[in-house]
């Protein structure tokens with residue numbers, strides 16, 4: 777790695793830390809634990825404990841502060857968990873078109889991502905959905921212009937064999 | 077209504093404006109119709125048989141549906157990817173029950189252990205998530221909003237074989253190009269009960285494990301270049317002599333899809349008149365795989381080439397051979413010459 781690249785990474789890390797500090801307290805990350813695997817039986821039975829998992833994804837820019845997303849479907853180092861669209865944890869609100877961002881902890885490296893917004897009706901997803909095209913680099917996007925309850929899903933890829941989806945519930949109010 | 081039965085994405089009208097509204101980053105073109113990405117972690121052997129046994133004691137209906145998913149995978153791989161077979165002492169485990177490593181929100185999950193085994197886990201029917209109650213169609217009377225075990229099993233086995241989640245167009249118009257999806261669909265949304273790998277699943281399996289044989293079709297999710305070589309039995313002949321042309325068609329892709337002989341396709345012989353190529357004859361299957369041959373009587377000096385046109389229902393690209401010049405001596409003149417021959421229009 778060149779000195780320039782190191783310098784850039786250090787700078788980015790510093791900016792990230794300052795940004796996180798400025799955004800208020802961050803909920804503790806979800807413990808990196810998994811349910812107890814089924815008991816192995818017989819010769820050659822596999823050990824199903826995942827070696828590693830996706831990082832926490834932290835949505836910032838909400839009025840209430842930062843919120844860790846619910847982890848949905850992911851592929852990580854040979855382990856895959858398939859989950860549905862999740863409504864996401866409650867508690868976040870924003871104004872229309874407010875700038876939002878997602879950071880990862882720990883930082884997993886380069887990311888290609890897109891987000892999708894689904895309008896909620898009675899706490900359940902409705903039919904209005906918008907989707908961004910894939911982008912590379914920092915995860916920054918805007919809240920919808922329309923007020924109401926929304927669920928936002930972030931779909932991110934971190935290189936070969938590593939992708940994950942996180943979800944948040946966001947109220948957009950004037 | 078179940079979350080998974082909803083149309084997850086609608087086309088964003090005035091896409092540019094919507095993108096500008098929603099995105100604050102550097103944009104790249106949307107990926108789509110590409111082969112599934114890779115999970116990593118290596119490959120099993122070509123045509124390897126991966127044996128599995130039950131874990132957790134799945135009920136009969138669950139076992140039946142899982143086995144149907146296995147049969148679907150075996151029948152639709154269209155490649156030399158491994159197959160799956162039940163064996164009470166199998167190396168791998170297909171588990172159903174409450175004790176799964178699928179995380180908080182996973183319906184089902186999978187682990188690869190190349191080169192020998194894998195694990196697949198299904199969460200128990202009726203499990204209560206934050207988002208609702210899990211219903212497996214085969215165990216719950218198939219209500220709307222249920223997930224089909226057979227379809228999800230096929231999805232998980234795709235992962236086992238190395239397939240990552242397919243990247244769809246923003247409007248998901250290509251959703252049914254792949255079973256291996258980040259978000260499976262529930263009944264009755266289209267694709268909820270797909271029982272065969274989609275063309276973009278197959279594309280990656282073909283890239284990684286190769287196609288079964290030289291006659292096998294290439295997935296239309298691929299664009300595999302081809303090459304044609306042409307030779308002639310003689311290049312200097314007397315007018316009216318018969319010349320046999322032999323062409324060899326190969327793939328020119330990457331990895332497993334490079335230098336494969338390609339048999340049973342439509343290859344034509346052309347000749348050039350006044351700078352334009354015209355079809356002379358369709359070349360028949362040759363004596364060995366990937367070869368095509370035709371014999372024609374030649375009456376005048378011409379350049380010839382073989383041409384392979386892109387098939388409409390296959391992921392092979394067109395190619396043409398280099399020209400082969402045939403020099404004819406004693407050019408035919410007078411009434412003895414044919415008025416019209418395939419080789420001398």
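Residue numbers (our numbering), protein chains in the order written: chain A, 777 to 950; chain B, 77 to 421. Virtual Cβ for every residue (Gly too), placed ideally from N, Cα, C. Computed from a prediction, not measured in an experiment: that's the story for all the values here.
(request) Could you name the residues of the same chain whose beta carbon sits closer than 8 Å to that of residue 950/A, not counting the 5 residues immediately before and after it, in chain order? (result) 871, 872, 923
(request) Quick one: which residues of the segment 850-867 of chain A get their C-beta closer than 8 Å to a C-beta of chain B? List them in chain order. (result) 850, 851, 853, 854, 855, 856, 857, 858, 859, 860, 861, 862, 863
(message) Assuming contact is defined by CB atoms lying nearer than 8 Å, are residue 260/B and residue 286/B in contact in what I supplied?
(response) no
(message) Extract the residue ranges of the beta strand (DSSP E) inside the segment 330-381 of chain B, only unbroken runs of 3 or more that lie entirely within it.
(response) 334-337, 343-349, 352-361, 367-374
(message) If you follow the alpha helix (DSSP H) that residue 185/B is in, where does it begin and where does it stop?
(response) Run containing residue 185/B: none in the alpha helix (DSSP H); it sits in the beta strand (DSSP E), 184-189.
(request) Run the CB neighbour count on residue 912/A, radius 10 Å, all protein chains shown included, and call it buried at 16 or more, exposed below. (result) exposed
(message) So the candidates are 371/B, 173/B, 299/B; which of them puts its Cα closest to the Cα of residue 394/B?
(response) 299/B
(request) Could you tell me which chain B residues have their CB closer than 7 Å to the CB of residue 936/A, listed as they occur along the chain? (result) Contacts between residue 936/A and chain B, judged by CB atoms closer than 7 Å, involve 114, 116 in chain order.
(request) Anything in chain B within Cβ reach of residue 828/A, meaning under 7 Å, just list it in chain order. (result) Neighbours of residue 828/A on chain B: none; closest Cβ ~12 Å, over 7 Å.
(request) Give a yes or no on whether 8 Å exceeds the smallest Cβ distance from residue 130/B to chain A. (result) no
(message) Under 8 Å, Cβ to Cβ, is there at least one residue of chain B near residue 941/A?
(response) yes
(request) Answer with buried or exposed for residue 945/A, where buried requires no fewer than 16 other C-beta atoms within 10 angstroms of its C-beta. (result) Buried: at least 16 other Cβ atoms inside 10 Å.
(request) Figure out for me which residue from 124/B, 403/B, 360/B, 321/B has the closest Cα to the Cα of residue 397/B. (result) 321/B
(request) Go through its chain and collect everything with a Cβ distance to residue 933/A's Cβ below 8 Å, but skip five positions before and after it. (result) Result list for residue 933/A: 887, 888, 889, 939, in chain order.
(request) Rounded to whole angstroms, what's the CA-CA distance from residue 384/B to residue 156/B? Just pull it up for me. (result) 25 Å
(request) Report back the beta-carbon spacing between residue 380/B and residue 400/B to the nearest angstrom; my notes put them in contact at under 8 Å. (result) 5 Å
(request) Check the Cβ-Cβ distances between residue 948/A and every residue of chain B, and say whether any is below 8 Å. (result) no
(message) With a threshold of 8 Å between beta-carbons, can residue 848/A be considered close to chain B, or not?
(response) yes
(request) Work out the CA separation of residue 339/B and residue 850/A for me, nearest whole Å. (result) One C-alpha to the other measures close to 40 Å.
(request) Could you tell me how far apart the beta carbons of residue 837/A and residue 877/A are, in whole angstroms, since I believe they sit closer than 8 Å? (result) 6 Å
(message) Please report the straight-line C-alpha distance between residue 373/B and residue 291/B, rounded to a whole angstrom.
(response) 30 Å
(message) Do residue 905/A and residue 928/A count as a contact pair if the criterion is CB distance below 8 Å?
(response) No.
(request) Give the DSSP-derived three-state secondary structure of residue 139/B in the structure shown. (result) DSSP places residue 139/B in helix when its eight states are reduced to three.
(message) Here's the rule: buried if 16 or more other CB atoms are within 10 angstroms of the residue's CB, otherwise exposed. What is residue 875/A?
(response) exposed
(message) For residue 99/B and residue 172/B, what's the separation of their Cα atoms in angstroms?
(response) For residue 99/B, the pLDDT reaches just 29, beneath the cut-off of 50, and the residue's location in the model is therefore unreliable, although a value from the coordinates is still provided. If I take the Cα positions, the gap works out to 41 Å.
(request) Below 8 Å on the Cβ atoms is my guess for residue 304/B versus residue 382/B; work out the distance and round it to an integer in Å. (result) 5 Å
(request) Closer than 7 Å by beta-carbon distance: list the chain A residues that pair up with residue 188/B, in chain order. (result) 854
(request) Report the rounded CA-to-CA distance for residue 312/B versus residue 306/B, giving the unit in angstroms. (result) 16 Å
(request) Just grab the DSSP bridge partners of residue 205/B for me. (result) Residue 205/B is bridged to 208/B.
(message) Short of 9 Å Cβ to Cβ, which residues in the segment 181-205 of chain B face chain A?
(response) Sequence-ordered contacts of the segment 181-205 of chain B with chain A read 181, 182, 183, 184, 185, 186, 187, 188, 189, 190, 192, 193, 194, 195, 197, 205 [C-beta pairs closer than 9 Å].
(message) Restricting to Cα atoms, I'd like to know which of 140/B, 217/B, 248/B is closest to residue 109/B.
(response) 248/B
(request) Check the DSSP bridge columns for residue 192/B and list the partner residues they point to. (result) Paired residues: none, contrary to the question.
(request) Could you tell me the distance, in whole angstroms, from the CA atom of residue 175/B to the CA atom of residue 264/B? (result) 29 Å
(request) Along the alpha helix (DSSP H) that carries residue 898/A, what are the first and last residues, could you check? (result) It is not in any alpha helix (DSSP H) - residue 898/A carries neither H nor E in the DSSP assignment.
(request) Spell out whether any CB of chain A is found under 8 Å from the CB atom of residue 268/B. (result) Not closer than 8 Å to any Cβ of chain A, the Cβ of residue 268/B fails to qualify, so no.
(request) Identify the contact partners of residue 869/A in chain B, using a Cβ-Cβ distance below 7 Å as the criterion. (result) Within chain B, no residue comes near residue 869/A; the closest Cβ sits about 18 Å away, beyond 7 Å.
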